[in-house]
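J.: I'd like to ask you about the structure that follows.
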Amino acid sequence: MMDAERKADSRQAGVSAAAIAALSAILPRRCLLAAAEERRPYECDGLTAFRQLPDLVLLPETEAQLIAVLKLCHQLKLPVVARGAGTGLSGGATPVAAGVVLSLAKFMTILEIDPLARTARVQPGVRNLAISEAAAPYGLYYAPDPSSQIACTIGGNIAENAGGVHCLKYGLTVHNVIGLRVATMAGEVLEIGGAALDAPGYDLLALLIGSEGMLGVVLEATVKLTPKPLLARVLMASFAEVAQAGRAVAAIIGAGIIPAGLEMMDRAATAAVEAFVHAGYDLEAETILLAESDGTPEEVGDEIEAMRKVLEDSGASEVRVSRDEAERLKFWAGRKAAFPAVGRITPDYICMDGTIPRKHIAAMLTRIQEFSREFGLRCANVFHAGDGNLHPLIMFDASQPGELERATAFGTRILELSVEMGGTITGEHGVGIEKVQQMCAQFSATELELFRGIKSAFDPFALLNPGKVVPTPRRCSEYRLTGSAK
Amino acid sequence: MSDCLGEWCERIREAVARGHQLAIVGGASKDFYGRPWSEACSARLSTLAHSGIVDYEPSELSLTARAGTPLAEIEAALASQGQMLAFEPPHFAGGATLGGAIAAGLSGPRRAAAGAARDFVLGAKIIDGRGQPLAFGGRVMKNVAGYDVSRLLAGSLGTLGLITEVSLKVLPLPAASLSLRLAASQGRALELMNDWAGRALPITASAWEDAGEGGALTLRLAGSRAAVRAAQRELGGETLELEQAGAYWRHLRDQRAPFFDAAPTLWRLSLDSTTPPLDLPGTTLIEWGGALRWLRADADHKTMHAAMMAIGKGAHATLFCASLEARAAGVFQPLGSPLLALHRELKRRFDPAGVLNPGRMYAEF
């Protein structure tokens, strides 16, 4: 089906020579990639199963150039896909045929760090980790820490409302970005929020953050910086049964503790990770939990003891506490390397991102094991257990006929089950093109119509990242005929 | 209960058909806030009949309740399980409902430390301006499927939809809490609050008032016993009696503190917390570590809005309490033209006929 779509796309006219000439008048030659080999790196993002070679890649260097490009594309009705580091996992930055990719890679300046106000003002291409590095001398950091934080940019984090392993306590991107300067598709500049809290009018920050690059292009972001905790320690608990680990998660929260991080990995995941980074994980355990506490030394001491007791009472066969910072980082290194570690043991994998109420975690894992047998594909599970956010990594070999389709069907089953359990198809990776279809399972036709309305309020000609997130009514009626939909 | 929703859908459709406008009201505790309803807004739609907690599981850290549920009922249910609404919504004169709290989007003393009402919204059900029931978000902690409409509703003053049900993230009550009072001038208090906020101290509320001899800074510490004790030792000052402290923050939250008694006109200024004391006439009370300044002054709209523009960084002024005439002339900082146009477009997508609380936020929509 994908090939058929691609062929259909290639029949459409590409970006015209006149359009290229007009764009060349705005941008210096070095900012315009037209040769196929230069455009190739932009054909996909972290969702590598979907590829589309863009007709043109633009890398403006100044805000004036960027706005001029948007105005021109708006006038020419040329689709635009904004792109950060391309680490997204849902195809949010997959190019569209007969459109241009607008890379924000050259907007890498940290404009201002205000240590007293605890804010940073940054350009969209600044890497997530670079903000924390710049804030470190003041004892501050930027809290959301997606696993790709070395590479991913704040612009992309805003587009996807990125999370990380510490968001139960410190929030998602939407809780940590307090101001945006945004260009609309028409090239109009909107100033929203800033260092002052609770901007007047509608909460457009909430609407823009997580809008997957469909409503505007971020020119500048003001983010909140958080004081670095004096100490952090992590507990690692082993469980012989998944159900025990699931109960332990509920018991920790039930005891009035909000851990700084609460992560779960199954045996398939720990095995892959251990061979890769030697994090010292218990390979005998069916499931391991990582539970982090941070704060003052006194707070951490109390909380670690309280969590240790809950974990032991929940049936943990072994509980280890990080002895020092090096060991704490080692325990986390395994978790953060889970995706590449799985990438080493399989030619291809897709990562799901459903979120469910925590109480269903054990039941979900059991069902995933059943699906794994049913579809004949391996699956490793890493969960942000504290948030109920699942990342099953479904392993397959795209060179084997039918395996991609089986993997996709497996993933769809997990997402539909997430919705049935009272959850969502995506907790932090976004819908992109990957889960457009499943949006029909989560939302009714009238709800999707409102999403289309919101899109048109910002971008009436649907030129900015078209085809992502919100399915067409026709696509949904096809989905409804074949599957279980709302 | 579903009868009620069906009836409301019908009423909205009828209002569209007849060209009427509806004033949405919960506990009427915030009728004073926002622009007054227009004359054309003859019919009131009360959410009080749609009440009750739908789902509450403490270990899920989420609570779902119908719009007409009194905040007091929700807070009592949470307290019985050792949990709370961390954004500390104001009740004002009493009777505040969940729907009203979210529609107004106001947060109390803990806002600077824990976040605003919108930060805790996980999901919402609404009836839009066509009379269609819609649901967005959910009950889970993370959800990025589609645009975040449920958070957008927070602070929309009922202009986008009739909120019928809300799911919120809730948090455990802190294990320990105590309040301190220190003598400090306004300038000194602002320096201290900003300095402390940059360190890992368990300060969950702060308030500075002009108290005759230079001013008093009151702080609430809350968290683990160890952290609260350590901060108490470090910050010094006088420790308030437990009951006195509880009443102080409650009265501040609900504007029953003496500061709010006097003059009828009250401005609420939101600005960068490090902004030095303002050179504006009137008396000041500061909250949120310096980010919120209440000003009791008979200043006109133009002066206040210009003062905020001069401060910049998104600073904005709200005419929080004032006469009907003054509020009719505008309550919120005016929006620039591209933003205003966008607001009208959004309003049109949710409520094309303009039947839901028109003009309650800005005269233009």
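Chains U and W supply the protein sequences, listed in that same order.
At position 175 of the first sequence the residue is numbered 175 (our numbering), and the sequence of numbers has no breaks.
At position 119 of the second sequence the residue is numbered 1119 (our numbering), and the sequence of numbers has no breaks.
In this text, a Cβ means the ideal position worked out from N, Cα and C, and glycines have one as well.
If you compare alpha carbons, which of E38(U), L104(U), N381(U), R40(U) is closest to E61(U)?
T.: Here residue 61(U) corresponds to residue number 61 of the first sequence, with the count starting at 1. Selected option, being the one with the closest Cα: L104(U).
J.: For the alpha helix (DSSP H) that V1140(W) lies in, which residues bound it at each end?
T.: The residue you call residue 1140(W) lines up with position 140 of the second sequence. Per DSSP, V1140(W) belongs to no alpha helix (DSSP H) and is neither H nor E.
J.: Residues bridged to P227(U) by DSSP?
T.: Position 227 of the first sequence, counted from the first residue, corresponds to residue 227(U). DSSP, once it has assigned bridges, lists L140(U) as partnering P227(U).
J.: Which residues bound the alpha helix (DSSP H) around K435(U)?
T.: Position 435 of the first sequence, counted from the start, is the residue given in the question as residue 435(U). Neither: K435(U) is in no alpha helix (DSSP H) and is coded neither H nor E.
J.: Using DSSP's beta-bridge definition, name the partner residues of Y1056(W).
T.: Position 56 of the second sequence, counted from the start, is the residue given in the question as residue 1056(W). In DSSP, Y1056(W) forms a bridge with L1063(W).
J.: So what's Y170(U) in DSSP terms, helix, strand or just coil?
T.: Within the first sequence, residue 170(U) is the residue found at index 170, counting from 1. Correct three-state label for Y170(U): helix.
J.: Taking the CB atoms as reference points, tell me whether D1351(W) and G1026(W) lie closer together than 8 angstroms.
T.: Stepping through the second sequence from its first residue, residue 1351(W) is reached at position 351. Stepping through the second sequence from its first residue, residue 1026(W) is reached at position 26. Contact: no.
J.: Could you check if H1050(W) belongs to the surroundings of the ligand NAP, using beta carbon to heavy atom distance under 7 angstroms?
T.: Absence of the ligand NAP is noted for the structure shown, with no ligands found whatsoever.
J.: Would D1119(W) be called buried (16 or more neighbouring beta carbons within 10 Å of its own) or exposed?
T.: On the second sequence, residue 1119(W) is found 119 positions in, with the first residue counted as 1. With 16 or more other Cβ atoms within 10 Å, it is buried.
J.: DSSP on M264(U), reduced to helix/strand/coil?
T.: For the purposes of this step, residue 264(U) is identified with residue 264 of the first sequence, where counting begins at 1. Strand, per DSSP.
J.: Can you list the beta strand (DSSP E) stretches of 3 or more residues lying completely in the stretch 1155-1225 of chain W, in chain order?
T.: Those beta strand (DSSP E) runs which fall completely within the stretch 1155-1225 of chain W and span 3+ residues are 1162-1169, 1176-1183, 1203-1209, 1216-1223.
J.: When we look at the beta-carbon of T958(W) and count the other beta-carbons within 10 Å, is it buried (16 or more) or exposed?
T.: Nothing can be reported for residue 958(W), as the shown portion of chain W is limited to 1001 through 1365.
J.: Classify Y202(U) as helix, strand or coil using the three-state DSSP reduction.
T.: Within the first sequence, the letter at position 202 stands for residue 202(U). Coil at Y202(U), not helix or strand.
J.: At which residue ranges does the stretch 1323-1352 of chain W contain complete alpha helix (DSSP H) runs of 4 or more residues, listed in the order of the chain?
T.: Entirely contained in the stretch 1323-1352 of chain W, the alpha helix (DSSP H) runs reaching 4 residues are, in chain order, 1324-1328, 1337-1350.
J.: Against chain U, with Cβ distances strictly below 8 angstroms, would T1274(W) count as a contact?
T.: Locating residue 1274(W) in the second sequence gives position 274, counting from the first residue. T1274(W) counts as touching chain U.
J.: Does the Cβ of M1309(W) have 16 or more other Cβ atoms within 10 Å, making it buried, or fewer, making it exposed?
T.: Your numbering for residue 1309(W) matches position 309 in the second sequence. Classification for M1309(W): exposed.
J.: Starting from F331(U), trace the alpha helix (DSSP H) both ways and give me its first and last residue.
T.: Counting from 1 along the first sequence, the entry for residue 331(U) is found at position 331. It spans 325-336 - the alpha helix (DSSP H) in which F331(U) sits, taken as one unbroken run.
J.: Where does S399(U) fall in DSSP's three states?
T.: Within the first sequence, numbered from 1, the residue matching residue 399(U) stands at position 399. Three-state result, S399(U): coil.
J.: Of all Cβ atoms in chain W, is any one closer than 8 angstroms to the Cβ of H175(U)?
T.: Residue 175(U) sits at position 175 when you count from the first residue of the first sequence. Yes, H175(U) counts as interfacial toward chain W.
J.: Out of L230(U), L448(U), V431(U), which has the shortest C-alpha to C-alpha gap to E299(U)?
T.: Indexing the first sequence from 1 puts residue 299(U) at position 299. With distances taken between Cα atoms, E299(U) lies closest to L230(U).
J.: What's the gap between the Cα of D302(U) and the Cα of I350(U)?
T.: On the first sequence, residue 302(U) is found 302 positions in, with the first residue counted as 1. On the first sequence, residue 350(U) is found 350 positions in, with the first residue counted as 1. Taking the straight line from one Cα to the other gives about 39 angstroms.
J.: Less than 8 angstroms between the C-beta atoms of V122(U) and A245(U), yes or no?
T.: Sequence index remark: in the first sequence, residue 122(U) carries index 122 (1-based). Sequence index remark: in the first sequence, residue 245(U) carries index 245 (1-based). Their beta carbons are not under 8 angstroms apart, which means V122(U) does not touch A245(U) by this criterion.
J.: If you drop the 5 nearest sequence neighbours on each side, which residues of the same chain put their C-beta closer than 6 angstroms to that of A1297(W)?
T.: Counting from one through the second sequence, the residue named residue 1297(W) turns up at place 297. Excluding positions up to five away in sequence, the list reads P1281, G1282.
J.: Tell me the rounded alpha-carbon separation between A199(U) and G179(U).
T.: Counted from its first residue, the first sequence places residue 199(U) at position 199. Counted from its first residue, the first sequence places residue 179(U) at position 179. Going from the Cα of A199(U) to the Cα of G179(U) covers about 9 angstroms.
J.: Under 8 angstroms, Cβ to Cβ, is there at least one residue of chain U near D1119(W)?
T.: The count along the second sequence starts at 1 and reaches residue 1119(W) at position 119. Interface residue, yes.
J.: Quick one: give me the first and last residue of the beta strand (DSSP E) that N381(U) is part of.
T.: Looking up residue 381(U) in the first sequence gives position 381. 379-384 is the extent of the beta strand (DSSP E) around N381(U).
J.: Thinking just about the alpha-carbon of each residue, which of L1173(W), A1096(W), K1347(W), L1201(W) is nearest to the one in R1253(W)?
T.: Sequence index remark: in the second sequence, residue 1253(W) carries index 253 (1-based). Measuring from the Cα of R1253(W), the nearest candidate turns out to be A1096(W).
J.: Taking the alpha helix (DSSP H) that L1153(W) falls in, what are its first and last residues?
T.: Working through the second sequence from its first residue, we reach residue 1153(W) at position 153. Its alpha helix (DSSP H) spans residues 1149-1153.
J.: Can you list, in chain order, the residues of its chain with a C-beta nearer than 7 angstroms to that of D108(U)? Leave out the 5 residues immediately preceding and following it.
T.: Position 108 of the first sequence, counting from 1, holds the residue named residue 108(U). Residue identity check: residue 108(U) is Met in the sequence provided, not Asp. Contacts found: Q123, G125, V126.
J.: Taking only beta carbons into account, state which residues of the stretch 1079-1091 of chain W come closer than 7 angstroms to chain U, listed in chain order.
T.: If the cut-off is 7 angstroms between Cβ atoms, the stretch 1079-1091 of chain W has G1082 near chain U.
J.: Using CA atoms only, rank isn't needed, just tell me which of G194(U), T270(U), R358(U) is closest to I345(U).
T.: Locating residue 345(U) in the first sequence gives position 345, counting from the first residue. Cα-wise, what sits closest to I345(U) is T270(U).
J.: Are the CB atoms of P473(U) and A445(U) nearer to each other than 8 angstroms?
T.: The residue labelled residue 473(U) in the question sits at position 473 within the first sequence. The residue labelled residue 445(U) in the question sits at position 445 within the first sequence. Yes, they are a contact pair.
J.: Buried or exposed for Q75(U), please, with buried defined as at least 16 other CB atoms from any protein chain shown within 10 angstroms of its CB.
T.: Walking along the first sequence from the start, residue 75(U) turns up at place 75. It counts as exposed.
J.: D3(U): buried (16+ other C-beta within 10 angstroms of its C-beta) or exposed?
T.: Working through the first sequence from its first residue, we reach residue 3(U) at position 3. Note on D3(U): pLDDT 43, under 50, position unreliable in the model; no value is reported.
J.: Report back the beta-carbon spacing between L1217(W) and L1192(W) to the nearest angstrom; my notes put them in contact at under 8 angstroms.
T.: Counting from 1 along the second sequence, the entry for residue 1217(W) is found at position 217. Counting from 1 along the second sequence, the entry for residue 1192(W) is found at position 192. With a Cβ gap of about 7 angstroms, L1217(W) and L1192(W) count as contacting.
J.: Report the residues of the stretch 1059-1079 of chain W with a CB closer than 9 angstroms to any CB of chain U, ordered along the chain.
T.: Hits within the stretch, in order: S1059, E1060, L1061, S1062.
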